[in-house]
Every structure is written in C-alpha cells, then in structure tokens.
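> The sequence shown runs 1 to 360 under full-length UniProt numbering.
No residue lacks a Cβ here, since even glycine has one placed at the ideal position from N, Cα and C.
Just passing along the structure, written as structure tokens.
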Amino acid sequence: MDDIDNVVRDARPEAAPYDGHARSAARARLLQAGTVRHGGVRPTRTRRTRFMVAVGALAVAATAVVVVGRLDGAPPAVDHGPAVVALPVIAPVSATEVLGRAASAAKGSGEADPRDDQFVKVESQTMYQWSSPEARYLYRTRRTIWQSADGRHAGALKIEHLAPRPYPGRPLPEQATRDTGETSWNLLPACDLGPEDNWFTYASLKKLPADAAGMHDYLYGRAGEKAKLASGKNSSVDDIAWTMVGDMLRETAIPAAQRAALFEAAKSIPGTTVTEDATDAADRSGIGVGRVLDGVRNDLIFQPDTYAYLGERGVVVDADEAKAPVGSLVASTAQLSVSVADKAPDVDDPASTCAPPGNA
C-alpha cells in the first residue's frame, strides 16, 4: 500500500486497493488537482510523500512562454496567523446574477489556445488542511504546473512549500514546518488510460458543450454517475455538480466558450448564495458564490469589477457538522497566471511512471 492507497482508504473506505496501472493514474491526478474534496485535503502522511517533499533533479526553465492572462497581487510567502475569518455575510445580489456576469466576462476574455504539442502553464497558491492521527494544521504551497494540452506529453509540477498555519484552536506541530522553504519537482507522466483520466486536459475541455443546456446535462450526467459510485455517502447530485465546477476551473485553461457555458450552467445548481467579503489565498478581495457542504461553505471567488475567476475558499459555518470551529478557513486557493509554453521542464522522477496493468 502506498500514498495513493492511503488517501483513497480515508476518502473511500469501500473501494478496493488500486492496481499498479490505476495507481499511476491516480498519483498524477493527485499531483495535478491537489486532491480537493469538500473544500479541503485530507491525505494520510505515513511517509514523506512525493507531492509534499522535494524529489528528482532541479529542472531547466520552460521556453517560449506566451502569457495570455495574469492577475496582479503576488502571494505572500509568510504566515498570517490563525486561519480564522469572519463568517460570510450573504449579499443581496443573487448567485444567478454573479454567475451570469462571470459568463459574460468569459465570453469577452482572451484565452489560451495551445496546440496539442504545447503545454498549459498555471501558477497558483493553495492552502489545505493536513489531518492525521498525530497532527492537524494548514499547509500552504506555491504551485507551477505544466500540463500537456492533449494529455499525450509528459508534464511537470513545481511545488514551493510556504510557511504553514496553525489550525484554529490547535498549536502548530513541529512536523508542519519541516518542508518550509523546500521545492519539490514532480514528473506528470503521459498515461494513455482512457478519456476519464484526460477530462481535465485542454483538448478534452475544448470538446465539452459550449452552451448552458449542454453543459448542464454534462455536469449532471457525470454527477449522477459519481453519485452511484458513492453509494452510502451523503453527497447529493447537486453537491457533486458544484464540486465539478471547481474541478474544471482549478489549474486548467478552460476555453472561453466552455467557461462561459460552465458559469451559465452553474446558475441552475440550487442552494448557491453570494458573499461580498470573500478573499483568496493571495489576499485578493472578491465576490464569493458558494454552497454549504458538510458544514463548510465552498466559494468560487470572482473579481468584483471584471468578474474574472480568482480562486476558491472553504469556510466552516457549522462546527458540529464540519467538526471544526466556526469561521475556520480550511481551504484557500488563488489562480495567479495562465499561459502557454512550448516545453515543460525536464524532471528526473522515476517514481512517476505508467505502470502496466496488474503491477503493484
């Protein structure tokens, strides 16, 4: 059993252990998506896992980078104290109105349009919860990812480990700071494992419906499939659909037409409300549109003037259900830049390979 099996054991105890082929695909997706679930991350640290610790050799810089979108406000690299925020104040403007404005902004925005042999480069900052029997804290990173546009070329992930934050009400454990200041490099192998494993690539996103009705059908069709696989869990189809919206925005370059359709389709997901006091991981203020799941309000954050997507956050609103103090900031991200690169850095990371089916 390795780090992938441990994560799945916590999140999906009913699932059987992965074979080697599936484990390689899951590892790549953990590295790319940050294992976001219900506004946070809960990996089990049985060993110094590859996505938390420096591995491989330092890589050369990618060449011929063309910046297609950047947001001001470099993220701070220092701790800001306990991660407790004021409870969201629900704004009078409707979620439908905000998402509609975001859709209109997406239609008029420029977009990355990489060739199949190019890479989408995304810079972001993240904060997620680390929870284990021994410790609980909030770990923070600065991530730069190079993802193959068509999923057929090896990419790379650079993780800079920033100063962690204590979980509200708990001291910062000694182990929380052991990676601070380190940089991890990870190879993202090109694993041809079927369309399910490449749905987040630019080529796959570009094939999704470009109209609201079609995108709604896609979201709820996939959400229904996921709900059947998660029998016995308390997530509804609406919960899963909202989670998918964030998944499709995080560390991707979703084309403008599909991005606009995604925001339009999100308007039909019930239970969303707006808060005007949302702040992303780079301390940028924006408008949050979110839903509550398991006692945590999960917000998508937009710039208040342009309605460009900034990032996400998760704030505890029900202490009993979330099993954390009300006002705890348990997840926070900021999308800092999206660009196109001709190459990804070369990374010496033999652990990231596509194992043949059946091999452990």
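Near T306, which residues of its chain fall below 8 Å by C-beta distance, leaving aside the five closest residues on each side in sequence?
By one-based count along the sequence shown, residue 306 stands at place 306. Cβ within range, chain order: A105.
> Please state whether DSSP places R115 in a helix, a strand or coil.
Counting from one through the sequence shown, the residue named residue 115 turns up at place 115. R115 falls in the coil class under three-state DSSP.
> Please report the straight-line C-alpha distance between G314 and T201, rounded to a whole angstrom.
The sequence position of residue 314 within the sequence shown is 314, counting from 1. The sequence position of residue 201 within the sequence shown is 201, counting from 1. In a straight line, the C-alpha of G314 is about 25 Å away from that of T201.
> Counting only C-beta atoms, is A213 closer than 9 Å to chain B at any point?
Protein chain content of the structure displayed is limited to a single chain, and chain B is not contained in it.
> I think S236 touches A190, with their Cβ atoms under 8 Å apart; what is that distance to the nearest whole Å?
For this step, residue 236 is matched to residue 236 along the sequence shown. For this step, residue 190 is matched to residue 190 along the sequence shown. Actually they do not touch by this definition, with Cβ atoms about 35 Å apart.
> For a test of the three-state rule: what should DSSP assign to L262, helix, strand or coil?
Numbered from 1 along the sequence shown, position 262 holds the residue referred to as residue 262. Of the three classes helix, strand and coil, the one that applies to L262 here is helix, per DSSP.
> Along the chain, where does the alpha helix (DSSP H) that runs through T96 open and close?
As a first step, residue 96 must be located in the sequence shown, where it is residue number 96. Element bounds for T96: A95 to K107.
> Can you have a look at V340 and say buried or exposed, based on whether 16 or more other CB atoms are within 10 angstroms of its CB?
Residue mapping note: residue 340 aligns to position 340 of the sequence shown, counting from 1. Buried: at least 16 other Cβ atoms inside 10 Å.
> Cβ of A281 within 9 Å of Cβ of T183?
Here residue 281 corresponds to residue number 281 of the sequence shown, with the count starting at 1. Here residue 183 corresponds to residue number 183 of the sequence shown, with the count starting at 1. No; because the gap between Cβ atoms is not below 9 Å, this pair is not in contact.
> Rounded to the nearest angstrom, what separates Q129 and N186 at their Cα positions?
If you number the sequence shown from 1, residue 129 lands on position 129. If you number the sequence shown from 1, residue 186 lands on position 186. If I take the Cα positions, the gap works out to 21 Å.
> With 16 as the cutoff for other CB atoms within 10 Å, does R142 come out buried or exposed?
Position 142 of the sequence shown, counted from the start, is the residue given in the question as residue 142. Classification for R142: buried.
> Where does residue 389 land, buried or exposed, given buried means 16+ other C-beta within 10 angstroms?
Any answer about residue 389 is impossible in this case: the structure gives the chain only from 1 up to 360.
> For Q303, which of helix, strand or coil comes out of DSSP?
In the sequence shown, counting from the first residue as 1, residue 303 sits at position 303. If DSSP states are grouped into helix, strand and coil, Q303 belongs with coil.
> Decide yes or no for the touch test of the stretch 274-288 against the stretch 252-266: beta carbon pairs closer than 8 Å, at least 3 of them.
At 8 Å Cβ cutoff, the stretches do not touch.
> Among residues of its own chain, excluding the 5 on either side of S109, which ones have a beta-carbon nearer than 6 Å to its beta-carbon?
Here residue 109 is taken as the residue at index 109 of the sequence shown, counted from 1. So the list reads A256, once near-sequence residues are dropped.
> Between H153, D150 and Y167, which has its C-alpha nearest R136's C-alpha?
What you label residue 136 is simply residue 136 of the sequence shown in a count that begins at 1. Nearest of H153, D150 and Y167 to R136, Cα basis: Y167.
> Run through the stretch 120-175 for me and flag every whole beta strand (DSSP E) of 3 or more residues, listed as ranges in chain order.
Listed in chain order, they are 136-148 and 155-166.
> Within its chain, find whatever has a CB closer than 7 Å to the CB of A241; leave out the 5 residues flanking it on each side and keep chain order.
The residue you call residue 241 lines up with position 241 of the sequence shown. If we look at A241 and ignore the five residues flanking it on each side, its Cβ neighbours are L219, Y220, A223 and I269.
> So R222 is in the alpha helix (DSSP H); what residue range does that whole segment cover?
One-based indexing of the sequence shown puts residue 222 at position 222. Element bounds for R222: A212 to L229.
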